[in-house]
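Here the sequence shown stands for residues -34 to -1, 1 to 246, numbered as in mature numbering (1 follows the signal peptide of the UniProt record, and there is no 0).
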Amino acid sequence: MSTPITFTFTFTTTLTLVIISVSLLSWSLGSATATETQRNETEVRLLYEQWLVENGKNYINGLEEKEKRFKIFSDNLKFIDEHNSVPNRSYEVGLTRFADLTKEEFRGMYLGSKIEKTRGGSVVGESGWAFSAIGAVESINQITTGELLSLSVQELIDCDGYFNYGCNGGFMNMAFKYIMEKGGTETDKYYPYTDIHRSPCRTTKTKNTRAVTIDGYEDVPRGDKMSLKKAVAHQPVSAAIYADGAAFRHYKGGVFNVSCGLWDRYDPGCDSRGLWIITR
């Protein structure tokens, strides 16, 4: 590939929040069903043992750690049962692989909470920022050219130093800046994903392998839902989600609909009408 495909588009990011990638929300056990009576300890321990096996859990500190995690698991299961016992919920929660973590542990491990939240961008924990940025560029390229190219997430993780920190979190808008200034991004074929937190940058000195570049990006003003709707109607949007609550941590399926009391700190236009489909 001799010349990178280039096009002009306005890129958008929305909500200065932290994100947990939707791909992290995996589970193998079914959701805990609603119960009219509280579960007894024998039943909870049986569920716990099944969950340990299905999630490949093996605690280093043995029985002491296992018992500590059981208590956390029990608290999370209680939340799950209480949520699912309410009729007509728009979404369901269940035993995800995070069921043995406290809120504080989950935040520290997955939400990039130790990264300074500055520069007006959306700080995204782990490598979610890179997947979000690359996925949006792939989509707008397909809309523009009709060709779906798999672009390199690993290049951003390894090489983007514009206030991005590999698998320790980063900013989507800084990823777009990197792509612009480097003259494009390579395909996944030339720079494959290795699932390694950060390796020495391996980009080529030439632009011959750079498949797609962008000419610009913009941020949707915080709380401006009409601007967000216009952006989504025109092109993909790279979004960050406030994912700090127990409901999101244990989400299983359905339309995730929380009260405005949680969201209106960030979105003054919060209401319950309509929905957003988010791909990760």
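Built from N, CA and C at the ideal position, the CB exists for glycine as well.
With contacts defined as CB atoms closer than 8 Å, serine 56 and valine 221 qualify as a contacting pair.
Across the structure, lysine 155 and serine 116 are spaced so that their CA atoms are roughly 8 Å apart.
Of all alpha-carbon atoms in Asn139, Lys69, Glu48, Val178, the one lying nearest the alpha-carbon of arginine 215 is that of Lys69. Per DSSP, tyrosine 57 lies in no alpha helix (DSSP H); the unbroken beta strand (DSSP E) holding it starts and ends at 57 to 59. The C-alpha of lysine 148 lies about 25 Å from the C-alpha of alanine 197.
Of the candidates Ile244, Lys191, Met138, Ala213, the residue whose Cα lies closest to the Cα of valine 59 is Ala213.
Alanine 96 and glycine 136 have their alpha carbons spaced roughly 8 Å apart. For glycine 219, the enclosing beta strand (DSSP E) covers residues 217 to 220. In the same chain as glycine 219, and ignoring 5 residues on each side of it, the C-beta atoms closer than 6 Å to its own belong to Glu58, in chain order. Spatial neighbours of phenylalanine 45 in its own chain (CB-CB distance under 8 Å, excluding positions within 5 residues in sequence) are listed in chain order as Val59, Ala212, His216. In the three-state reduction of the DSSP assignment, leucine 122 falls in the helix class. With fewer than 16 other CB atoms across the displayed protein chains lying within 10 angstroms of its CB, histidine 200 is exposed.
Rounded to the nearest whole angstrom, the CA to CA distance from valine 10 to valine 52 is 20 Å. Annotated as proximal: tyrosine 157 and glutamine 120, with beta-carbon spacing under 8 Å.
Between threonine 151 and valine 186, the C-beta gap is not smaller than 8 Å, which leaves the two residues out of contact. DSSP places serine 98 within a helical segment (H, G or I) once states are collapsed to three. Each of Arg176, Met75, Leu18, Ile207 was checked against the Cα of leucine 61, and the nearest Cα belongs to Leu18. Threonine 8 and asparagine 54 have their C-alpha atoms spaced approximately 29 Å apart.
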